Amino acid sequence: SSTLAESVLDKDLRSNWIGKLLEEGNARPEDLFEIIWTDSSAYRELRSQVTASFAQGKLVCPGTEVSDLFESTATKAAEDEGRETASLDLSLAPWPVTLPQRYEVLQELGRGGMGVVYKAHDRETGEILAVKVLKPDIAGDPAGMERFKNELRLARRVTHKNVCRIYEFNRAGGAAFITMELIDGITLHDFVRQRGRLTAEEGVPIARQICAALREAHHQGIIHRDLKPSNIMIDRDGNAKIMDFGIARSLDASVTVTGMVLGTPAYMAPEQAEGRSVDARTDIYLLGLILYEIFTGTVAFSGDTPFLIALKQMREFPPTPRQIDPNLPTYLDNVVMRCLQKDASLRFPSVDELEAALVIEPPSAETGGRKVQVEGS
Numbered sequence: 008s009s010t011l012a013e014s015v016l017d018k019d020l021r022s023n024w025i026g027k028l029l030e031e032g033n034a035r036p037e038d039l040f041e042i043i044w045t046d047s048s049a050y051r052e053l054r055s056q057v058t059a060s061f062a063q064g065k066l067v068c069p070g071t072e073v074s075d076l077f078e079s080t081a082t083k084a085a086e087d088e089g090r091e092t093a094s095l096d097l098s099l100a101p102w103p104v105t106l107p108q109r110y111e112v113l114q115e116l117g118r119g120g121m122g123v124v125y126k127a128h129d130r131e132t133g134e135i136l137a138v139k140v141l142k143p144d145i146a147g148d149p150a151g152m153e154r155f156k157n158e159l160r161l162a163r164r165v166t167h168k169n170v171c172r173i174y175e176f177n178r179a180g181g182a183a184f185i186t187m188e189l190i191d192g193i194t195l196h197d198f199v200r201q202r203g204r205l206t207a208e209e210g211v212p213i214a215r216q217i218c219a220a221l222r223e224a225h226h227q228g229i230i231h232r233d234l235k236p237s238n239i240m241i242d243r244d245g246n247a248k249i250m251d252f253g254i255a256r257s258l259d260a261s262v263t264v265t266g267m268v269l270g271t272p273a274y275m276a277p278e279q280a281e282g283r284s285v286d287a288r289t290d291i292y293l294l295g296l297i298l299y300e301i302f303t304g305t306v307a308f309s310g311d312t313p314f315l316i317a318l319k320q321m322r323e324f325p326p327t328p329r330q331i332d333p334n335l336p337t338y339l340d341n342v343v344m345r346c347l348q349k350d351a352s353l354r355f356p357s358v359d360e361l362e363a364a365l366v367i368e369p370p371s372a373e374t375g376g377r378k379v380q381v382e383g384s
């Protein structure tokens, strides 16, 4: 539009908002993101103008290089509204992504070992949802993708209030992506980092909700096997929701190094580190690692290399939670350490029994209790 063009184009870039950001070293691809969607001609003109000013020495950028700035934004606008897809770099996307035009990408939410997650607006339903775009090497493996689709079909059967809903798996322009429920909250990892270690009164309700979600999945014959604080969301009402059911299970068979399944060693059961078969008790071990972290504020095992951490998962026991926080009740100490037994037969045999062991004792008069609530709500 002419209004947009006038707002971003100026003969004197030093007085222009993007010029000022460049001069201050604060310009980011996100600053241009709206332009590419709103007016492609303005975007091209802005790119040409900024590039020329740099070449003529009229503008010095101590921060982001102009080529990096523009190349990491969306470089192809949907000029032809009749096309089925629009090629996007999606702000800071590490690889080109093509999605159906029904999805208006709003922002990047995070990156992981599998891909990038975006917040998006579904133009057909009007809903705001999450879109997880898989890495090209994963999306380009036909056999892996077939396993992936099969596992997602199973995972969609897990319908529970403490499980993030998966809507669909799809492909477009060579990209593979999943649409899922967008949860208004933060990860359990960030939740603990913000608040510090939780008291029994705060942590046990979260643990019981995770158990309830796992019970439903296990009853469906589905093992998560990639449980970790970053895969659990805490919404603004303090409710826990597990994400990524069925995803790790379908992919780990094809991604190995020297026989060891790739994953996050800090959240890996001994049998996973050794490449042995897993079952529901694997999820119980992983939940034990999560409980350890939320009640102590630290991971159970750490080390200089992933291999050393995995080795500790197989051979060592961490200090008990009460050794770190003597205020924790003894029963909780016992629950966590039973979950972390190397021999799966010594763990809780089911999440039902684990949940039954997780009780809430009244807070002491000295410590009181804090309401579990997401910061900012």
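In the working numbering, the protein residues as written are 8 to 384. The C-beta atom is built at its ideal place from N, Cα and C for all residues, glycine as well. Note that the coordinates shown come from a computational prediction; the quantities given were computed from them, not determined experimentally.
With 16 other Cβ atoms within 10 Å as the buried cut-off, status of residue i
i    : result
N238 : buried
D233 : buried
R200 : exposed
R283 : exposed
G117 : exposed
A280 : buried
K235 : buried
F182 : As written in the sequence, residue 182 is Ala, which differs from the Phe given in the question. That one is buried.
F155 : buried
Beta-carbon proximity of residue i to residue j, cut-off 8 Å
i    : j    : result
P272 : M321 : no
I173 : M187 : yes
I190 : M240 : yes
H225 : V358 : yes
I229 : L161 : yes
H231 : F252 : yes
F176 : L159 : yes
N169 : A247 : yes
Q108 : Y125 : no
H167 : E209 : no
Inter-residue Cα distance where the pair is residue i and residue j
i    : j    : result
G245 : L339 : 21 Å
F302 : I217 : 15 Å
M121 : M250 : 13 Å
R204 : G304 : 4 Å
G133 : L353 : 49 Å
R130 : K139 : 17 Å
Y274 : D290 : 10 Å
V366 : V211 : 7 Å
Q227 : V165 : 7 Å
G192 : T206 : 20 Å
V5   : R345 : A query on residue 5 cannot be resolved here, the shown segment of the chain reaching from 8 to 384 and no further.
A364 : P143 : 43 Å
A219 : Y292 : 16 Å
R215 : E300 : 15 Å
R178 : C171 : 21 Å
S309 : L141 : 28 Å
A351 : F314 : 21 Å
A317 : V306 : 13 Å
T337 : I331 : 12 Å
L430 : N157 : There is no way to answer for residue 430, as the model of the chain reaches only from 8 to 384.
D311 : K319 : 12 Å
P333 : I213 : 21 Å
P356 : K349 : 13 Å
Integer Cβ distance of residue i from residue j, believed to fall under 8 Å
i    : j    : result
A146 : L136 : 19 Å between Cβ atoms; not a contact.
L335 : P328 : 5 Å
F324 : L347 : 7 Å
For this session: Could you tell me which uninterrupted alpha helix (DSSP H) segments, each at least 4 residues in length, are contained entirely in the region 284 to 371, listed from first to last along the chain?
Result: 287 to 303, 313 to 322, 328 to 331, 337 to 346 and 358 to 364
Exercise. Residue ranges of each beta strand (DSSP E) run of no fewer than 3 residues wholly in the region 134 to 213, ordered along the chain?
Worked result: 135 to 141, 173 to 179, 182 to 187 and 192 to 194
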